[in-house]
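To start, the structure itself, in structure tokens.
Numbering (our numbering), first residue to last: 8 to 123.
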């Protein structure tokens, strides 16, 4: 099973930026889809963005134009650059590999708190 470790969360003011990182235990090119999800308090986990092994990127409407997913294959790392953060972006952010597959893996999550 793929091991995923997220980092980069923290407390930021509205309008600020954060960059999350997710390091995988295997080559990310061997993973069909790497994704970011988030879960706000009392709410269900929701998909935020993903990047395929072929480099296609997809975003939820709520973050389109503000968040950017990218990768550094040499470091087995996927990033989520988050700009113009809003209070509604406050959540625990999770990295996932092949999230729609029975062989999916999840990281432990990293807290992002945006103060207004």
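Even for Gly, the Cβ is constructed at its ideal location relative to N, Cα and C.
Start-to-end residues for the beta strand (DSSP E) that takes in residue 86: Your numbering for residue 86 matches position 79 in the chain shown. 84-89 is the span of the beta strand (DSSP E), which, as asked, contains residue 86.
With respect to the beta strand (DSSP E) encompassing residue 75, which residues constitute its N-terminal and C-terminal limits? As a first step, residue 75 is located in the chain shown; it is residue number 68 there, counting from the start. Unbroken beta strand (DSSP E) run through residue 75: 74-79.
Assign residue 64 to buried or exposed, taking buried as 16 or more other Cβ atoms, counted over all protein chains shown, within 10 Å of its Cβ. Numbered from its first residue, the chain shown carries residue 64 at position 57. Its Cβ having fewer than 16 others within 10 Å, residue 64 is exposed.
Could you have a look at residue 123 and say whether DSSP puts it in helix, strand or coil? Here residue 123 corresponds to residue number 116 of the chain shown, with the count starting at 1. Coil, per DSSP.
With a 10 Å radius around its C-beta and 16 neighbouring C-beta atoms as the bar for buried, classify residue 96 as buried or exposed. As a first step, residue 96 is located in the chain shown; it is residue number 89 there, counting from the start. Buried: at least 16 other Cβ atoms inside 10 Å.
Starting from the Cα of residue 89, find the closest Cα among 37, 120 and 41 and give me that residue. Position 82 of the chain shown, counted from the start, is the residue given in the question as residue 89. If we check each option's Cα against that of residue 89, 120 comes out closest.
Determine whether the beta carbon atoms of residue 112 and residue 8 lie at a separation below 8 Å. Reading the chain shown from its first residue, position 105 is the one you call residue 112. Reading the chain shown from its first residue, position 1 is the one you call residue 8. Contact: yes.
Sorted by chain position, which residues of the same chain lie with C-beta nearer than 7 Å to residue 104's C-beta, five sequence neighbours on each side aside? The residue you call residue 104 lines up with position 97 of the chain shown. The answer, listed in chain order, is 9, 11, 31, 38, 41, 111 and 112.
Grouping DSSP H, G and I as helix and E and B as strand, with all else coil, what is residue 96? Taking the first residue of the chain shown as position 1, residue 96 is located at position 89. In this structure, residue 96 counts as helix in the three-state DSSP scheme.
What are the start and end residues of the beta strand (DSSP E) that includes residue 35? Along the chain shown, one-based indexing puts residue 35 at 28. Counting along the chain, residue 35 falls outside any beta strand (DSSP E), and DSSP gives it neither H nor E.
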